[in-house]
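Structure, as structure tokens:
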Amino acid sequence: MDASGLPLLDQRIADCRACPRLVSWREEVARAKRAAYADWTYWGRPVPGFGPADARLLIVGLAPAAHGGNRTGRMFTGDRSGDVLYEALYDVGLASRPTAEHAHDGLELYGVRVTSPVHCAPPANKPTPQERDTCRPWLVQELRLLRPTLRAVVVLGAFGWQAALPAFAEAGWSVPRPRPAFGHGARFHLDGLELFGCFHVSQRNTFTGRLTPAMLRDVLRTAARAAELPTESG
Ligand code: SF4
Numbered sequence: 001m002d003a004s005g006l007p008l009l010d011q012r013i014a015d016c017r018a019c020p021r022l023v024s025w026r027e028e029v030a031r032a033k034r035a036a037y038a039d040w041t042y043w044g045r046p047v048p049g050f051g052p053a054d055a056r057l058l059i060v061g062l063a064p065a066a067h068g069g070n071r072t073g074r075m076f077t078g079d080r081s082g083d084v085l086y087e088a089l090y091d092v093g094l095a096s097r098p099t100a101e102h103a104h105d106g107l108e109l110y111g112v113r114v115t116s117p118v119h120c121a122p123p124a125n126k127p128t129p130q131e132r133d134t135c136r137p138w139l140v141q142e143l144r145l146l147r148p149t150l151r152a153v154v155v156l157g158a159f160g161w162q163a164a165l166p167a168f169a170e171a172g173w174s175v176p177r178p179r180p181a182f183g184h185g186a187r188f189h190l191d192g193l194e195l196f197g198c199f200h201v202s203q204r205n206t207f208t209g210r211l212t213p214a215m216l217r218d219v220l221r222t223a224a225r226a227a228e229l230p231t232e233s234g
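Under full-length UniProt numbering, the letters of the sequence shown match residues 1 to 234, in that order.
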């Protein structure tokens with residue numbers, strides 16, 4: 001497969017029903033809705049990756065939020081975590097606008113794609129290990145399709161890190177054993193690829209200051225430079 005296969009992969013992901021608990025949760029949330037979004041038709045399906053098929057930088061999160069990606073159908077769109085991430089991408093020069101409200105708001109990412117190791121919103125933001133493993137083949141296929149252009153990856157949080165490293169190994173990168181440990185600011189070289197760790201942009205981390213706006217921008221800017229993408233200094 002080559003990069004032209006990515007839109008097709010995204011369509012196939014959006015039709016997946018492999019995890020009974022997550023299928024039932026995402027659809028129940030879409031029916032019940034949050035009062036503030038009562039007039040929305042929720043997406044209620046797996047949320048594919050977002051960004052160009054020839055991305056040089058990949059950002060790997062955890063899973064869509066129940067009333068964010070599961071509502072809007074686009075990664076990190078419509079929730080506080082996404083607000084933090086896209087504002088930072090915009091500031092660094094990697095996005096066309098600082099906000100992400102819905103799937104047709106015109107947001108474009110420049111050389112960057114955003115994905116997650118689990119494509120359905122999980123209860124309490126916690127997929128089971130079995131759900132993580134069931135979803136892994138989608139990430140492996142996405143990585144294989146991106147491989148010709150991909151030069152750097154930012155993984156948000158320890159869950160994403162633990163899920164992503166086996167996927168990189170399966171997709172053909174040499175991942176050392178023991179596997180590199182997650183940490184904010186961690187940086188490792190996998191053949192031809194720079195891998196960066198960053199605390200997740202969750203409300204818990206951003207509200208408490210564990211992840212500050214400056215820390216996030218630093219990691220994104222460093223990773224973009226490693227991927228040889230043009231950035232705004234700041
Ligand atoms: S989490 Fe992944 S494997 Fe499970 S149903 Fe959703 S898309 Fe399919």
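Where a beta carbon is used, it is the ideal one built from N, C-alpha and C, also for glycine.
For residue i, name the three-state secondary structure that DSSP assigns.
i      : result
Thr208 : coil
Ala95  : strand
Cys16  : coil
Phe50  : strand
Gly69  : helix
Arg187 : strand
Leu8   : helix
Met1   : Residue placement at Met1 is poorly supported in this model, since its pLDDT is 40, which falls under 50; the coordinates are not used for a value here.
Thr149 : coil
Thr77  : coil
Thr222 : helix
If you check the beta carbons only, do residue i and residue j fall under 8 Å apart?
i      : j      : result
Trp43  : Asn70  : yes
Glu228 : Arg132 : no
Arg147 : Ala164 : no
Gln203 : Arg80  : yes
Gly61  : Val114 : yes
Leu58  : Leu145 : no
Arg217 : Val92  : yes
Asp10  : Gly49  : yes
Ala63  : Pro122 : yes
Specify, as a first and last residue, the run of the alpha helix (DSSP H) that residue i falls within.
i      : result
Glu228 : Looking at the DSSP string, Glu228 is not in any alpha helix (DSSP H), and its letter there is neither H nor E.
Ala35  : Premise fails: Ala35 is in no alpha helix (DSSP H) and is neither H nor E.
Arg144 : Pro129 to Leu146
With distances taken Cα to Cα, identify the nearest neighbour of residue i among the options.
i           : options                           : result
Gly51       : Thr212, Pro123, Tyr110 and Leu165 : Tyr110
Leu107      : Phe76, Phe182 and Glu131          : Phe76
Ala158      : Val92, Gly185 and Thr134          : Gly185
residue 247 : Pro123, His200, Ala36 and Val140  : Residue 247 lies beyond the stretch modelled for the chain, which goes from 1 to 234, so this question has no answer here.
Arg136      : Ala55, Arg187 and Pro166          : Pro166
Tyr37       : Thr115, Gln141 and Glu101         : Glu101
Pro230      : Leu94, Ile13, Gly68 and Ala63     : Leu94
Gly192      : Gly73, Ala226 and Asp54           : Ala226
Got a sec: is the Cβ-Cβ distance from residue i to anything in chain C below 8 Å?
i      : result
Glu170 : The chain labelled as chain C is not found in the depicted structure, where only one protein chain is given.
What residue range does the beta strand (DSSP E) around residue i cover?
i      : result
Ala124 : Ala124 -> no beta strand (DSSP E), and no H or E assigned at all.
Phe196 : Leu193 to Cys198
Gly109 : Per the sequence presented here, residue 109 reads as Leu, with Gly not at that position. From DSSP, Leu109 is part of no beta strand (DSSP E); its letter is neither H nor E.
Leu156 : Ala152 to Leu156
Val60  : Leu57 to Val60
Does the stretch 116 to 135 touch the stretch 21 to 35, meaning 3 or more C-beta pairs lie closer than 8 Å?
Cβ pair count under 8 Å is three or more, so yes.
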